[in-house]
Amino acid sequence: AQSVTQLGSHVSVSEGALVLLRCNYSSSVPPYLFWYVQYPNQGLQLLLKYTSAATLVKGINGFEAEFKKSETSFHLTKPSAHMSDAAEYFCAVRDSSASKIIFGSGTRLSIRP
Amino acid sequence: GAVVSQHPSWVICKSGTSVKIECRSLDFQATTMFWYRQFPKQSLMLMATSNEGSKATYEQGVEKDKFLINHASLTLSTLTVTSAHPEDSSFYICSASPKPGRTTEAFFGQGTRLTVV
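Heads up: the protein sequence lines correspond to chains Y and E, in order. Mapping to our numbering: the first sequence position 11 is 11, numbers consecutive. Just so we're on the same page, our numbering is the position in the second sequence counted from 1, plus 1000.
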């Protein structure tokens, strides 16, 4: 069964600093991987997705993630944090376009002025 | 991108009553829809998967008689919380997947905040 583990329930960085949110996956087949962002009392917004094409995936709002099969990782990065990036971030996995999506526990990102 | 509309966005109901939440795919046909529940400051937990015209598949520990899911058409799924109690208060989110092979994404509704008093 597939699963994802997000290391760090809370990450705090200074405005302008590098953002790194960690995600490791487990899947018996080549997975589809996603990063979503959630603002308070709202639904989910897709940041980016990996679907077995390029291993470095660029998303919206300056975020990107790199799929590393050898490390079973799909960490999310952004070179320079903005105050507006403060939100909850979820890594997710599914093993086909028809299967359920399983979410990690989430990482709350705080940005210090 | 594809749009999924969830209604209502929030609802308050009395203990013992039933509440229905609708999830509609506005510009695509959703062969599969998923229902999630999210407690404050926690992740999304999958409750059930529904395919159009067939019975929903519930995750372990989810009471199917309490959380009734109907996926009667390719654009509409409903979740009915029956005989609601305060512990059912939560944020419920639906998601819809287009026909397999069209995209790897599932598209999410904006969520429904249920408060049972």
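All C-beta atoms, glycine included, are put in the ideal place defined by N, C-alpha and C.
Residue E:1049 holds the alpha-carbon nearest to the alpha-carbon of residue 1033 of chain E among E:1045, E:1109, E:1021 and E:1049. Straight-line spacing of the CA atoms in residue 1046 of chain E and residue 5 of chain Y works out to 16 Å. Rounded to whole angstroms, the separation of the alpha carbons of residue 70 of chain Y and residue 1010 of chain E is 44 Å.
Residue 1113 of chain E reaches chain Y at 41, counting residues in chain order whose Cβ is nearer than 9 Å.
Under DSSP, residue 58 of chain Y forms a beta bridge with Y:64.
Non-local beta-carbon contacts of residue 27 of chain Y in its own chain, meaning distances under 7 Å to residues more than five positions away in sequence, involve 2, 93 and 95 in chain order. When the beta-carbon positions are compared, residue 1062 of chain E and residue 1114 of chain E stay at least 9 Å from each other.
Per the DSSP secondary-structure output, residue 1004 of chain E pairs in a beta bridge with E:1025. In chain E, no part has a C-beta under 7 Å from the C-beta of residue 67 of chain Y; the shortest such distance is about 13 Å. Rounded to whole angstroms, the separation of the alpha carbons of residue 1066 of chain E and residue 1060 of chain E is 14 Å.
Out of E:1074, E:1021, E:1030 and E:1019, the CA that lies nearest to the CA of residue 1104 of chain E is found in E:1030.
For residue 36 of chain Y and residue 1020 of chain E, the gap between their C-alpha atoms comes out near 26 Å.
Membership of residue 15 of chain Y in any beta strand (DSSP E) is not indicated, and neither H nor E is assigned to it by DSSP. Look at residue 1087 of chain E: its C-beta is not under 9 Å from any C-beta on chain Y. The residues 80, in chain order, have a CB closer than 6 Å to that of residue 16 of chain Y in the same chain once the five nearest residues on each side in sequence are set aside.
Under the Cβ distance rule, residue 46 of chain Y counts among the residues neighbouring chain E, one pair being separated by less than 9 Å. In the pairwise beta carbon analysis, the region 17-25 of chain Y is classified as not touching the region 48-55 of chain Y: fewer than three pairs are separated by under 8 Å. Nearest to residue 38 of chain Y by C-alpha distance, out of Y:86, Y:63 and Y:54, is Y:86. With fewer than 16 other beta carbons inside 10 angstroms of its own, residue 1015 of chain E counts as exposed.
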